[in-house]
Each structure stands twice: as structure tokens, then as C-alpha cells.
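Asks: Residue numbers (the numbering used here): 1 to 222.
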Amino acid sequence: MGTGTPTGQQPEPGTPAQVADVPAEWPVESSQERYRGPVFGLATDRVEMPEGPGGGTVVAARDYLLHPGAAAVLALDEQGRVLLQRQYRHAVRHKLWELPAGMLDVQGEPPVETARRELVEEAGLRARTWHELPSVLPSPGVTDEVVHLFLARGLSPVPEEENGFVRRHEEAELVAAWVPLEEAVGLVLQGRVRNGITVIGILAARTAAQDGFADLPDVSAR
């Protein structure tokens, strides 16, 4: 049995037809930026919100990280393999296998351009075709960060003399691996790959591959 709604009837709130994130904004009494660093800031908003089932409102403080956002690339080669890169992440004290990614730290640069740049800088690759995978809110309870995910195919190497990027800090010891997409799904389900953006990118690409990526928006010309 399908989950569609009979013609002429409006779906009930909470049914599959009504499940979609929508913009909303509760009234903010005041906002204070408490910290600003090179990567992110920390703000406290005093937000007017429902007091409880009985009605009424109350003002409560909510802290959150201000983040410029990021772009990540699932690079898929002609053999159906995904490029994964191992990188040290100090906050969790782990070396994690991840997709090439970077912050939206160039003013006015569209996310797909950031993705193209990161693929060149981190992996030394260009892609002929680009498709948009679902964007992700990694931790909406604590940050306003949005990560834009892209599928890159038709890969070709960039000559070293054309890539002037110098890897430093965490990127200085990047280790790369090409993993068949189905095997990458297995790594996710076994808990061997846990970076959230990488998990979502792999599972989304595997699902989209079932119809040859026909449902994904083509952003190659952007």
C-alpha cells in the first residue's frame, strides 16, 4: 500500500506527505556574540518560546556556534569507487576517513565552486560532471552550519604545477583510499566510517545510483 493522499484530500500533519523541513523563526529578544575566532563564533540568543502545553510563552537562552558553512565532495571514479581521505580530528581524538571538504571561507564563492577548489587542493583532481546531493545540517541543536554535498564524476588528475596549494596541519598527513561504493556502504553500516557528512554522502550516492543519478540536480555549468 502506498503513502499517497487520495485526490481532493489534504494530508494530515505528520504523515509522510507532510514531512519536510520548513523555515521558521521564533522571536529573539536579544542576541549577543560572545566569541569570534578564525573558524567560528559563539552567540547567545534569548528566544521567546512556548512555556508548555498549557500555553503562554517564556524567554530562554540558547547558545550556538556561528559557522560559515562548508562543501563536501563525493568523488566517484569510472570503476565506481569513492575517494576517502584519512585526517586527524583533534576534538574527537581520532583519525577519520572523510570526503574531501572545506569551509565556505571565500566571500561570495558558490558552494559548488568551493567543492571544485577543495577537490583540486586536497585530492589533485578535477571533475567533468557535478551533481547536487542533499545539503546537511550536521548538528542543528548547537550550530547554524550548513554543509553542501556534491557528487563529482568524470575525474582527471591536475598536474602538480597547476595546484599551488600547500597542505599544512591536519592536511599535511592526508592518506587517500579508493573504495568501491558498495564496500563503502558496508564500512558505514559496520561503524568503521563515522564522520557524519561522509556517512550521509555515501548512503545518498548509493541510493541515487539506483537510477543512474537521474534525480540529482546537475550543477556542472554553475
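Think of the CB as a built atom: it goes at the ideal place given N, C-alpha and C, for glycine as much as any other residue.
Glu205 and Leu181 look like a contact to me (Cβ under 8 Å); what is the Cβ gap, rounded to whole Å?
Replies: As a position in the sequence shown, residue 205 is number 205, starting the count at 1. As a position in the sequence shown, residue 181 is number 181, starting the count at 1. The sequence given here places Ala at residue 205; Glu does not occur at that position. Approximately 6 Å separates the beta-carbon atoms of Ala205 and Leu181; this is inside 8 Å, confirming the contact.
Asks: State the Cα-Cα distance for the pair Phe213 and Ser220, rounded to the nearest angstrom.
Replies: Within the sequence shown, residue 213 is the residue found at index 213, counting from 1. Within the sequence shown, residue 220 is the residue found at index 220, counting from 1. If you draw a straight line from the Cα of Phe213 to the Cα of Ser220, it comes to about 14 Å.
Asks: Hey, would you say Glu29 sits closer than 8 Å to Glu51, going by beta carbons?
Replies: Translated into the one-based positions of the sequence shown, residue 29 becomes position 29. Translated into the one-based positions of the sequence shown, residue 51 becomes position 51. Not a contact, by the Cβ cut-off of 8 Å.
Asks: So, is Gln85 buried or exposed, given that buried needs 16 or more other C-beta atoms within 10 angstroms?
Replies: Residue numbering aside, residue 85 sits at position 85 when the sequence shown is read from its first letter. Gln85 is buried by the Cβ-count criterion.
Asks: Applying the criterion that 16 or more other CB atoms from any shown protein chain within 10 Å of the CB defines a buried residue, is Thr57 buried or exposed?
Replies: Reading the sequence shown from its first residue, position 57 is the one you call residue 57. So Thr57 ends up on the exposed side.
Asks: Between Glu33, Val199, Gly54, Ala24, which lies nearest to Ser135 when the distance is taken from Cα to Cα?
Replies: Here residue 135 refers to the residue found at position 135 of the sequence shown. The shortest Cα separation from Ser135 among Glu33, Val199, Gly54, Ala24 belongs to Val199.
Asks: Extract the residue ranges of the beta strand (DSSP E) inside the region 125–191, only unbroken runs of 3 or more that lie entirely within it.
Replies: 125–132, 147–157, 175–180
Asks: If you draw a straight line from the alpha carbon of Leu149 to that of Leu203, how long is it in whole angstroms?
Replies: In the sequence shown, residue 149 corresponds to position 149, counting from 1. In the sequence shown, residue 203 corresponds to position 203, counting from 1. About 12 Å.
Asks: Could you name the residues of the same chain whose beta carbon sits closer than 7 Å to that of Glu132, not counting the 5 residues immediately before and after it, in chain order?
Replies: Taking the first residue of the sequence shown as 1, we reach residue 132 at position 132. Excluding residues within five positions, the ones whose Cβ falls inside 7 Å are Phe150, Leu216, Pro217, Val219.
Asks: Identify every run of the beta strand (DSSP E) within the region 96–121, keeping only runs that are complete inside it and at least 3 residues long; order them along the chain.
Replies: 101–103
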